[in-house]
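Colleague: Which chain is which? The protein sequence lines are H and A, in order. UniProt numbering puts the first residue of the first sequence at 1, with every later residue one more than the last. UniProt numbering puts the first residue of the second sequence at 1, with every later residue one more than the last. All residues carry an ideal CB built from backbone N, CA and C; glycine is no exception. Below is one structure. I have some questions about it.
There are 2 protein chains.
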Amino acid sequence: MAELIALDDPTDPRLADYRDLRDVELRKHLEAEHGLFLAEGEKVVRRAVEAGHTPRSFLMAPRWLDGLADVLDRTDAPCYVLSEQLAEQVTGFHVHRGALASLERRPLPSLDEALEGARSVLVLEDVVDHTNVGAIFRCGAALGFDAVLLAPRCADPLYRRAVKVAMGAVFALPWTRLEDWHGALPALSARGFTTVALTLADDAVPVEDAVRGVDRLALVLGSEGHGLSTRWETSADRRAVIPMAAGIDSLNVAAAAAVACYVGQSRG
Amino acid sequence: MAELIALDDPTDPRLADYRDLRDVELRKHLEAEHGLFLAEGEKVVRRAVEAGHTPRSFLMAPRWLDGLADVLDRTDAPCYVLSEQLAEQVTGFHVHRGALASLERRPLPSLDEALEGARSVLVLEDVVDHTNVGAIFRCGAALGFDAVLLAPRCADPLYRRAVKVAMGAVFALPWTRLEDWHGALPALSARGFTTVALTLADDAVPVEDAVRGVDRLALVLGSEGHGLSTRWETSADRRAVIPMAAGIDSLNVAAAAAVACYVGQSRG
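As structure tokens, this is what we get:
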């Protein structure tokens, strides 16, 4: 059972994992160096622990203890209890969803491990916004996708904001990094996937036609700003477009992912 | 042509429209009282002006002037020019997208005016998050919807964050408030629309079936937290669901809107 430790000093070194949560650059370094990530809110904390991530510690105000009593029962990690005001001083923002937990990252699976048994996967190139990455995980999990593969420059799915937006779907779906950016899509084709790239390229066909009857589907989405690189666009097996109204730039990448996952899910 | 006025005092009263942009409550009061809203970034400012909103003023750092020269040419509103550092002091954040404009709101159209010529409309009940409202406008515009109707408690589409996320789609689509919450959906049915409510209700049918062959479609979406009210759920003509993977709570409302708009657009 977790030991409850009341703290009244926001500079206590035991709270180091929870420091300055709004400082993205600082957090990236701290989390990489210590191999940790943060989960926020009762539901997400519970899902992280149930998915097998080992807690390093918890941070809670007294009124949040009850909701996570069952989780605290099953761990030996310390639970630091402090007032909401002090919690805000440590983290740098009002923790309105309650509990925080610092958890251990695990080694990423290999590509073959992540793909094991998968029939539908999402492949993201340089989606750099944590909110978008989280939203895409949530929607992939809801719409029957089995794994997510990330190009080297994609945002970290275990960054607090991504975890929160994904509502824990980052724990439900296997995911990994594609270390070989150049050969990423051919590597999927070689494993029996049909890679379908969402793009505005001239030879793109409606996404419904592109996925029809496909057995193992890899749906490929590009970055927020410029879409897919030429390399990924041309090395995909098929290019697909979501038909849009005239004069509109495009859908946000998370909206495009939602539509494409829906179409992919019902491809028959 | 806009008069360029160099300012070096961040407390100058002429900058009142741009004060403390991150303070949501303050902004709501200020914008309602003065009937104004803010547009941010060259593209969005241009779209707001082209959509017929009269500018009250502009706020720019010198290096943003060129990009909006054509817009400034066609208006008599003052353009306050100050350093990026001073702009940040006024607004409370780093204005990385460049230009800001304060523009006049217009009286909202009546329901019949908003529906004129519309074949597909979105109806939102209590979507309270500005990002979600903006995302839904963007995706409705991209996927061929003609208007958006908002229940009284929905977030303001002209709030800066919503305008930004919508990429200007809040200017492209006619929208208005539904003043009669209780009778809102029957009022649409009486005007020849089939109201299709997205819900997890027991009698919901797959959304693809619910919209098939519908002539005038009103797609109804509920709030982020609790979905639709019982009143709206039961007063809709049809209840529809997006088929989802087992064990997943739901899609985010913006993702659900994207899927439903896609399905609605291609309903034939």
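#1: Going by beta carbon distance, what residues of the same chain come within less than 8 Å of H/Ser-57, once the five residues before and after it are set aside?
#2: So which residues on chain A does H/Leu-250 lean against when the C-beta distance must stay under 8 Å?
#3: If I measure Cβ to Cβ from H/Leu-59 and keep anything under 6 Å in the same chain, skipping five residues before and after, which residues do I get?
#4: From the beta carbon of H/Val-259, is the nearest beta carbon of chain D less than 8 Å away?
#5: Would you call the segment 229 to 245 of chain A and the segment 206 to 217 of chain A touching, i.e. three or more CB-CB distances under 8 Å?
#6: Out of H/Leu-173, H/Leu-86, H/Gly-140, H/Val-90, which one is the CA nearest neighbour of H/Glu-113?
#7: Could you give the distance in angstroms between the alpha-carbon of H/Val-165 and the alpha-carbon of H/Glu-84?
#8: Is there at least one Cβ from chain A nearer than 8 Å to H/Arg-138's Cβ?
#9: Might you give, ordered along the chain, the residues of its own chain that have their beta carbon closer than 7 Å to the beta carbon of A/Ser-189, omitting 5 neighbours on each side?
#10: Taking Cβ positions, are H/Val-44 and H/Gly-140 nearer each other than 8 Å?
#11: Could you check the C-alpha separation between H/Asp-146 and H/Asp-70 for me, to the nearest Å?
#12: Do the CB positions of A/Leu-149 and A/Val-121 come within less than 8 Å of each other?
#13: Nearest to A/Thr-75 by alpha carbon, out of A/Leu-36, A/Leu-4, A/Leu-30, A/Leu-158?
#14: In the segment 197 to 224 of chain H, which residue ranges form an unbroken beta strand (DSSP E) of at least 3 residues, counting only runs that do not cross its ends?
#15: Excluding five sequence neighbours on each side, which residues of the same chain lie with their C-beta closer than 7 Å to the C-beta of H/Glu-233?
#16: Assuming H/Val-133 contacts H/Cys-154 under a Cβ cut-off of 8 Å, what Cβ separation, rounded to an integer in Å, is found between them?
#17: According to DSSP, simplified to helix, strand and coil, what is A/Cys-79?
#18: Which term fits H/Val-49, buried or exposed, when burial requires 16 or more other beta carbons within 10 angstroms of its beta carbon?
#19: Under a Cβ-count criterion, where at least 16 other Cβ atoms within 10 Å of its own Cβ denotes burial, should H/Phe-193 be classed as buried or exposed?
#20: Beta-carbon of A/Tyr-159 versus every beta-carbon of chain H: anything under 8 Å?
#21: Which chain H residues are close to A/Met-1, counting only those with a beta carbon under 8 Å from its beta carbon?
#22: Contact criterion: CB-CB distance below 8 Å. Does A/Met-60 meet it with respect to chain H?
#23: When we look at the beta-carbon of A/Pro-62 and count the other beta-carbons within 10 Å, is it buried (16 or more) or exposed?
#24: Name the chain A residues whose beta carbon is nearer than 9 Å to that of H/Ala-135?
#25: Using a Cβ-Cβ cutoff of 7 Å, what residues of the segment 80 to 98 of chain H are near chain A? List them in chain order.
#26: In angstroms, rounded to a whole number, what distance separates the CA positions of A/Arg-181 and A/Gly-41?
#27: Is the CB of A/Ile-242 under 8 Å away from at least one CB in chain H?
#28: Would you decide whether H/Pro-157 is buried or exposed? Buried here means 16 or more other CB atoms lie within 10 Å of its CB.
#29: Would you decide whether H/Ala-6 is buried or exposed? Buried here means 16 or more other CB atoms lie within 10 Å of its CB.
#30: Would A/Ala-256 be called buried (16 or more neighbouring beta carbons within 10 Å of its own) or exposed?
Modeller: To lay it out plainly:
#1: Residue mapping note: residue 57 of chain H aligns to position 57 of the first sequence, counting from 1. Around H/Ser-57, the same chain offers Arg-14, Asp-17, Ala-77, Pro-78, Cys-79, Tyr-80, Ala-101, Ser-102 as residues with beta carbons nearer than 8 Å, after the five sequence neighbours per side are excluded.
#2: For the purposes of this step, residue 250 of chain H is identified with residue 250 of the first sequence, where counting begins at 1. Correcting the residue identity first, residue 250 of chain H is Ser in this sequence and not Leu. Chain-ordered, the chain A residues with CB closer than 8 Å to the CB of H/Ser-250 read Ala-142.
#3: Numbered from its first residue, the first sequence carries residue 59 of chain H at position 59. Excluding sequence neighbours, H/Leu-59 sits near Tyr-18, Tyr-80, Leu-100.
#4: Protein chains in the displayed structure are H and A, and chain D is not among them.
#5: The segment 229 to 245 of chain A, when compared against the segment 206 to 217 of chain A, does touch it at the 8 Å Cβ threshold.
#6: Here residue 113 of chain H refers to the residue found at position 113 when the first sequence is read from its first residue. Per the C-alpha coordinates, the member of H/Leu-173, H/Leu-86, H/Gly-140, H/Val-90 positioned closest to H/Glu-113 is H/Leu-173.
#7: The residue given as residue 165 of chain H occupies position 165 in the first sequence. The residue given as residue 84 of chain H occupies position 84 in the first sequence. In a straight line, the C-alpha of H/Val-165 is about 22 Å away from that of H/Glu-84.
#8: Residue 138 of chain H sits at position 138 when you count from the first residue of the first sequence. Output row for H/Arg-138: interface = yes.
#9: Taking the first residue of the second sequence as position 1, residue 189 of chain A is located at position 189. Closer than 7 Å at Cβ, skipping near neighbours: Thr-195, Asp-237.
#10: Residue numbering aside, residue 44 of chain H sits at position 44 when the first sequence is read from its first letter. Residue numbering aside, residue 140 of chain H sits at position 140 when the first sequence is read from its first letter. A distance of 8 Å or more separates the beta carbons of H/Val-44 and H/Gly-140.
#11: Position 146 of the first sequence, counting from 1, holds the residue named residue 146 of chain H. Position 70 of the first sequence, counting from 1, holds the residue named residue 70 of chain H. C-alpha of H/Asp-146 to C-alpha of H/Asp-70: approximately 29 Å in a straight line.
#12: Counted from its first residue, the second sequence places residue 149 of chain A at position 149. Counted from its first residue, the second sequence places residue 121 of chain A at position 121. Yes, the Cβ-Cβ distance between A/Leu-149 and A/Val-121 is below 8 Å.
#13: Stepping through the second sequence from its first residue, residue 75 of chain A is reached at position 75. Selected option, being the one with the closest Cα: A/Leu-4.
#14: Restricted to the segment 197 to 224 of chain H, the beta strand (DSSP E) segments that are unbroken, complete and at least 3 residues in length are 217 to 221, listed in chain order.
#15: Position 233 of the first sequence, counted from the first residue, corresponds to residue 233 of chain H. Taken in chain order, the residues that qualify are Ala-197, Thr-199, Ala-201, Arg-239.
#16: By 1-based counting over the first sequence, the position of residue 133 of chain H is 133. By 1-based counting over the first sequence, the position of residue 154 of chain H is 154. Their Cβ separation, rounded to whole angstroms, is 6 Å, which keeps H/Val-133 and H/Cys-154 in contact under 8 Å.
#17: Sequence index remark: in the second sequence, residue 79 of chain A carries index 79 (1-based). DSSP places A/Cys-79 in the strand class (E or B) of the three-state scheme.
#18: On the first sequence, position 49 is the one that residue 49 of chain H refers to. With 16 or more other Cβ atoms within 10 Å, it is buried.
#19: Working through the first sequence from its first residue, we reach residue 193 of chain H at position 193. The residue is buried, with at least 16 neighbouring Cβ atoms inside 10 Å.
#20: Taking the second sequence and counting its residues from 1, one reaches residue 159 of chain A at position 159. It does not; no Cβ of chain H falls within 8 Å.
#21: Here residue 1 of chain A refers to the residue found at position 1 when the second sequence is read from its first residue. Around A/Met-1, no beta-carbon contact reaches into chain H at under 8 Å, the shortest distance being about 28 Å.
#22: Taking the first residue of the second sequence as 1, we reach residue 60 of chain A at position 60. No, no contact with chain H.
#23: Your numbering for residue 62 of chain A matches position 62 in the second sequence. Exposed is the call here.
#24: Along the first sequence, one-based indexing puts residue 135 of chain H at 135. Under the 9 Å cutoff, chain A gives Asn-252, Ala-254, Ala-255.
#25: Only those residues of the segment 80 to 98 of chain H whose C-beta falls short of 7 Å from the nearest C-beta of chain A would be listed, and there are none.
#26: In the second sequence, counting from the first residue as 1, residue 181 of chain A sits at position 181. In the second sequence, counting from the first residue as 1, residue 41 of chain A sits at position 41. Checking the displayed sequence, the identity of residue 181 of chain A turns out to be Trp instead of Arg. Inter-residue distance for A/Trp-181 and A/Gly-41 is about 35 Å (C-alpha atoms, whole angstroms).
#27: To locate residue 242 of chain A, count along the second sequence from 1; it is residue 242. Yes, A/Ile-242 lies at the interface with chain H (some Cβ there is under 8 Å from its Cβ).
#28: In the first sequence, residue 157 of chain H corresponds to position 157, counting from 1. Answer is buried; the Cβ neighbour count reaches 16.
#29: For the purposes of this step, residue 6 of chain H is taken as residue 6 along the first sequence, with counting starting at 1. H/Ala-6 is exposed by the Cβ-count criterion.
#30: Here residue 256 of chain A refers to the residue found at position 256 when the second sequence is read from its first residue. The residue is buried, with at least 16 neighbouring Cβ atoms inside 10 Å.
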